[in-house]
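Student: Residue numbers (mature numbering (1 follows the signal peptide of the UniProt record, and there is no 0)): -39 to -1, 1 to 834. Got a structure here, written out as structure tokens. Questions coming.
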């Protein structure tokens, strides 16, 4: 059978025509397809997120929303997202980044919630020159961060601001110790954050007491059991702080942490839970049952405007897309993770739009991203050296019931504020009313507080040299007595809260007793413990309730003086008193020797009579009469002076004779050292080591004295030549032995006596306030007077008191009055003498001289005068 060409029949003609037309159409379509593909460029973008977690789902939905919106509006360029799972460790994440670059030819990689992952991906991007947009940042940004990873863009801030916010909260409530909580990610990723936190806490007088490290939730063994074990170890190690700062955990670990903490009583009253920004972001993603287990916790969250129109529009679209993609999720609200992911894609899209072609240099894309400047949903988007420029505004939230509420804003430059405005009024403390764990409104202590089931274990000195401070009466019956014990009960009444306790006597040195508090065998020590610098390194002391210093006790040596009777007055006082006596004597003689028969006779007799009259008036024993009225004035003033001097002298001399003035036998420590003499002290106190290590006594010369009653016998037996006691003990000792011993002034001062608590204990502050209150209202003084009563024989004795003689400074006014009165009276008398006749000046002068010499007026030879009536010779 032979085959021929198409026939000319109509059927064959139509068939051939159809075949040719089909070929043309197919050829045309085939040729047109490449041109159409070239018209719409595809830009591949890689995204590495935890696709199975709630946060990853939010991020994926938000990024797809941004890409879909761009692709719907774009005509020449489309974006294609390629997702990779970040679970499996940082090495797997870096490998996923390499695959995206080599196989998917991505122009950029976005994602990475953990900095450990972002750092490795940034290394891959640097080698391939592919920009990397990270959702995380290092805790500390160094000057070399940008130069090390030049293709890295960080869509978040470092941890310095939020760590300062946490420290500000700690300072506002005066918590002294905290416990940090973090999940172990395998590369010690929280070390830098811990360093920042430790530095910030140090500035607010707080510190990290314990690091609670939780196993990763991806751990092969049961992670829930690992969390329970770590919490149990915290309690077994007697960690007292109950201020927990959760730095970083995964959502499953956080959920299990709070569930187990609630079960173990770590979410009860007096506990504090503070969540960092990385953990607080879960609050938008967890269901209400998880929130209810976190009630009372404080969270630090980055602020974003929920009332803005772009956010409301985004929220509406997000809810629709999220419901469609994840119908099993109950919570449809977008969290901060979704906002940041959306802003990241918006930043990338804006940068791609400014690229000339899809094949442009990666550095052009990088520079376009770094030059971004717009307001995103999560805040201002502007970069400098690869990180956001504008610092975040933090908001402090409080989990209450099945939701959380805003308390205050925290702005790095201003601190706490009620408004988000940077020019608003700032506060030094957190102002918003807080509902703490256990639904308490009162600020928690943040410390393990004693209860009836677990009372406070308090150590007391079992053996004391001076039992007036602490005395163990009966251990089995729990009877203790002494000044310190009674002061403790007084303070307990002032505290205002219940404080179950139990005393335990400790028969060791005071340093060992303080060590028991440091090792947490005792919660506190109530007793006469001296505040020393080395002890302050280990424990917390209260406000001192008594001063402390080192005094030297030695046998007394009475100070006797043959000239004790002249001691009441100073030398100058005696000289001036003698001078005013002689002056008064002279004035009395001048006024009286003319008319007073008592003053007649030879001149020496007259002077001795005047001297006897003046001196005997000191004792009010004078018998001579005075005839001149002016003399009477002089004598009255002089007797007043004598009365004051006599009373003052008698009082001063009586005091000197009554007050026993003791003089130490030994006054110089160097003399004791030079003569190699033995000294005594309380062997259980720090004084023994102080005498040996500081003052230089030989160990064999320092004798331990067990009780206050042994000192007297040791002195009598010459076992010791001096005793060194702290100031409170010295006062007690001298109050009993004031007749036989004396003390030197304390030369070496210490911090005083106080109660001891564990480092960071809030009860130390409460006790200090109570002690100050008792001191200010006089209760502490009454307590001292009741316990440290002076013995009757010492009640009127002042040991070592220096009584000063009466000086001229106290009496010069009296002497001026006496001397001035005598002078005025004498001048009046002389004036009357000179004006009694009309003689000339020469005769008046001669008459005055003769009067002073002869003791009577010399009458001139004048008959008229001689015959005048009433004239006397």
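The beta carbon of each residue, even a glycine, is placed where N, CA and C say it ideally should be.
State the DSSP-derived secondary structure class of residue 688, mapped to helix, strand or coil.
Tutor: Helix.
Student: Hey, out of 76, 245, 231, whose CA is closest to residue 15's CA?
Tutor: That would be 245, whose Cα lies nearest to the Cα of residue 15.
Student: Could you spell out where the alpha helix (DSSP H) holding residue 17 opens and where it closes?
Tutor: Here the alpha helix (DSSP H) through residue 17 covers 15 to 34.
Student: From the DSSP output, in three-state form, read off residue 306 for me.
Tutor: Of the three classes helix, strand and coil, the one that applies to residue 306 here is helix, per DSSP.
Student: CA-CA distance, residue 667 and residue 688?
Tutor: Approximately 17 Å between the Cα atoms of the pair.
Student: Where does residue 873 sit, in a helix, a strand or coil, going by DSSP?
Tutor: Not covered by the structure: residue 873. The range shown for the chain is -39 to 834.
Student: State the DSSP-derived secondary structure class of residue 355, mapped to helix, strand or coil.
Tutor: Residue 355 falls in the strand class under three-state DSSP.
Student: How many Å lie between residue 488 and residue 640 at the Cα?
Tutor: In a straight line, the C-alpha of residue 488 is about 25 Å away from that of residue 640.
Student: For a test of your reading of the model: does the CB of residue 262 fall under 6 Å from any non-hydrogen atom of the ligand HEM? Yes or no.
Tutor: Among the components of this structure there are no ligands whatsoever, and the ligand HEM is therefore not found.
Student: I think residue 116 touches residue 264, with their Cβ atoms under 8 Å apart; what is that distance to the nearest whole Å?
Tutor: With a Cβ gap of about 16 Å, residue 116 and residue 264 do not count as contacting.
Student: When the Cα of residue 700 is compared with those of 515, 777, 545, 590, which residue comes out closest?
Tutor: The shortest C-alpha separation from residue 700 is found at 515.
Student: Would you list the one or two residues that DSSP bridges to residue 486?
Tutor: Answer is 420, 717.
Student: Got a sec? Which residues, its chain only, sit under 7 Å from residue 707 by beta carbon, not counting five neighbours each side?
Tutor: Taken in chain order, the residues that qualify are 510, 511, 512, 688.
Student: If we require 4 or more residues per run, which alpha helix (DSSP H) segments fall completely within the region 82 to 116?
Tutor: Runs found: 106 to 109.
Student: According to DSSP, simplified to helix, strand and coil, what is residue 659?
Tutor: Here residue 659 sits in coil by DSSP.
Student: Can you tell me which residues form a DSSP beta bridge with residue 408?
Tutor: Answer is 202, bridged to residue 408.
Student: Going by CA-CA distance only, name the one from 752, 679, 205, 258 that's closest to residue 692.
Tutor: Among 752, 679, 205, 258, the Cα nearest to that of residue 692 belongs to 752.
Student: Judging by CA-CA distance, which residue of 2, 502, 783 is the nearest neighbour of residue 319?
Tutor: Of the listed residues, the one whose Cα sits closest to residue 319 is 2.
Student: Measuring CB to CB, does residue 475 end up less than 7 Å from residue 233?
Tutor: In this structure, residue 233 does not lie closer than 7 Å to residue 475 by Cβ.
Student: Using CA coordinates, which residue listed in 634, 108, 482 is at the minimum distance from residue 466?
Tutor: Residue 466 has its Cα closest to that of 482, out of 634, 108, 482.
Student: With a cut-off of 8 Å, do at least 3 Cβ pairs link the region 348 to 363 to the region 253 to 260?
Tutor: Enough Cβ pairs lie closer than 8 Å, so yes.
Student: Give me whichever residues DSSP pairs with residue 58 in a beta bridge.
Tutor: In DSSP, residue 58 forms no bridge with anything.
Student: Please return the same chain residues whose Cβ sits closer than 7 Å to the Cβ of residue 696, not counting the five positions on each side in sequence.
Tutor: Cβ within range, chain order: 749, 751, 752, 755.
Student: Given this structure, state the Cα-to-Cα distance separating residue 669 from residue 680, to the nearest angstrom.
Tutor: Each residue's alpha carbon lies about 15 Å from the other.
Student: Is it the case that the Cβ atoms of residue 48 and residue 455 are separated by a distance below 7 Å?
Tutor: In this structure, residue 455 does not lie closer than 7 Å to residue 48 by Cβ.
Student: Where do the ends of the beta strand (DSSP E) carrying residue 42 lie?
Tutor: 38 to 46 is the span of the beta strand (DSSP E), which, as asked, contains residue 42.
Student: Which ranges does the alpha helix (DSSP H) cover as unbroken runs of at least 4 residues, wholly within the region 267 to 309, from first to last along the chain?
Tutor: Within the region 267 to 309, the complete alpha helix (DSSP H) runs of at least 4 residues are 270 to 286.
Student: Jot down the residue ranges of each uninterrupted beta strand (DSSP E) in the region 692 to 747, minimum 3 residues, whole runs only, in chain order.
Tutor: List check, beta strand (DSSP E) in window: 702 to 704, 714 to 719.
Student: Verify whether the separation of the beta carbon atoms of residue 422 and residue 431 is less than 7 Å.
Tutor: Going by C-beta atoms, residue 422 is nearer than 7 Å to residue 431.
Student: Starting from residue 330, trace the alpha helix (DSSP H) both ways and give me its first and last residue.
Tutor: Counting along the chain, the alpha helix (DSSP H) containing residue 330 begins and ends at 323 to 331.
Student: Using only CA atoms, which one of 719, 24, 260, 791 lies nearest to residue 395?
Tutor: Per the Cα distances, 260.
Student: Can you tell me where the alpha helix (DSSP H) holding residue 437 begins and where it ends?
Tutor: Premise fails: residue 437 is in no alpha helix (DSSP H) and is neither H nor E.
Student: Taking only runs of the alpha helix (DSSP H) that begin and end inside the region 202 to 256, which ones reach a length of at least 4 residues, in chain order?
Tutor: With a minimum length of 4 residues, the continuous alpha helix (DSSP H) runs that stay inside the region 202 to 256 are 212 to 224, 238 to 241, 249 to 254.
Student: Measuring CA to CA, which of 440, 791, 53, 19 is closest to residue 276?
Tutor: The candidate whose alpha carbon is nearest that of residue 276 is 19.
Student: Please list the terminal residues of the continuous beta strand (DSSP E) segment that includes residue 642.
Tutor: Per DSSP, residue 642 belongs to the beta strand (DSSP E) from 640 to 642.
Student: Would you decide whether residue 607 is buried or exposed? Buried here means 16 or more other CB atoms lie within 10 Å of its CB.
Tutor: Exposed, because fewer than 16 other Cβ atoms sit within 10 Å of the Cβ of residue 607.
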